[in-house]
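Novice: One structure coming up, written as structure tokens, with questions to follow.
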Amino acid sequence: MHKMLMKKTQYTLLIALLAVFYVFTGCKKEPVAIPVSERIKNNYVAASVLEGSTTVYTSGGTSNTKPGYSVFRIDLSSPPTVRITALDGTVSTGTYALIGDTQLVLSGLTPPPTTTNGTITFTISELGDGTVTLTRTTPDAKTGNTLNVYKLRKG
96 MHKMLMKKTQ YTLLIALLAV FYVFTGCKKE PVAIPVSERI KNNYVAASVL EGSTTVYTSG
156 GTSNTKPGYS VFRIDLSSPP TVRITALDGT VSTGTYALIG DTQLVLSGLT PPPTTTNGTI
216 TFTISELGDG TVTLTRTTPD AKTGNTLNVY KLRKG
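Residues in the sequence shown are numbered consecutively from 96, following the working numbering.
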């Protein structure tokens, strides 16, 4: 009888240990999604720029038709403040806001970039770890009224 009680205790202990092990290893939480507002907070430089369908700048490229993009910057590191440096070196400051997870609006830009009335809107098509792809939603007068795509990286 004593042996039977020992076996029963051992089985009970084994089942309890397995249950505890299952609870700690089987119940993993899903990773928390980091909001776009946090992921976009960076100071960005141009990795590549398309004006219309033409690539005019690639970082480190030797045959860039618009090497001025080497000074292009969008600083979103201190929300809601934005500081944008255009390809001609002009610096404008203002505020930025996200509309959902797909649009970035720069507003109150001073001095206002040419024909913008101080507002530029971009569509966010990709947002990675330290990278973002922005497409202007309105033509840029400084680039011949093209819709430009900016592939940016942390800078």
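No residue lacks a Cβ here, since even glycine has one placed at the ideal position from N, Cα and C.
Just to confirm, are Tyr-191 and Leu-199 a CB contact at a threshold of 9 Å?
Specialist: Yes, these two residues count as a Cβ contact at 9 Å.
Novice: Counting only runs that start and end within the stretch 182-240, where is the beta strand (DSSP E) found for 3 or more residues in a row?
Specialist: Restricted to the stretch 182-240, the beta strand (DSSP E) segments that are unbroken, complete and at least 3 residues in length are 186-194, 198-205, 215-223, 226-231, listed in chain order.
Novice: Give me the Cβ distance between Gly-213 and Gly-189, rounded to the nearest whole Å; I'm assuming they're in contact under 8 Å.
Specialist: 7 Å
Novice: Have a look at Pro-208 and Ile-179 and give me their C-alpha separation to the nearest angstrom.
Specialist: 10 Å
Novice: Does the distance from the CB of Leu-193 to the CB of Val-131 come in under 9 Å?
Specialist: yes
Novice: For Ile-324, count the other beta carbons within 10 Å of its own beta carbon; 16 or more makes it buried, fewer makes it exposed. Which is it?
Specialist: With the chain represented from 96 up to 250, any question about residue 324 goes unanswered, as that position is not in the structure.
Novice: Give the secondary structure of Glu-146 by DSSP, where H, G and I count as helix, E and B as strand, and everything else as coil.
Specialist: strand
Novice: Report the residue from Thr-211, Gly-225, Thr-226, Ile-169 whose alpha carbon sits nearest the alpha carbon of Thr-232.
Specialist: Thr-211
Novice: Decide if Ala-236 is buried, meaning its Cβ has at least 16 other Cβ atoms within 10 Å, or exposed.
Specialist: Looking at its Cβ environment, which holds fewer than 16 other Cβ atoms inside 10 Å, Ala-236 is exposed.
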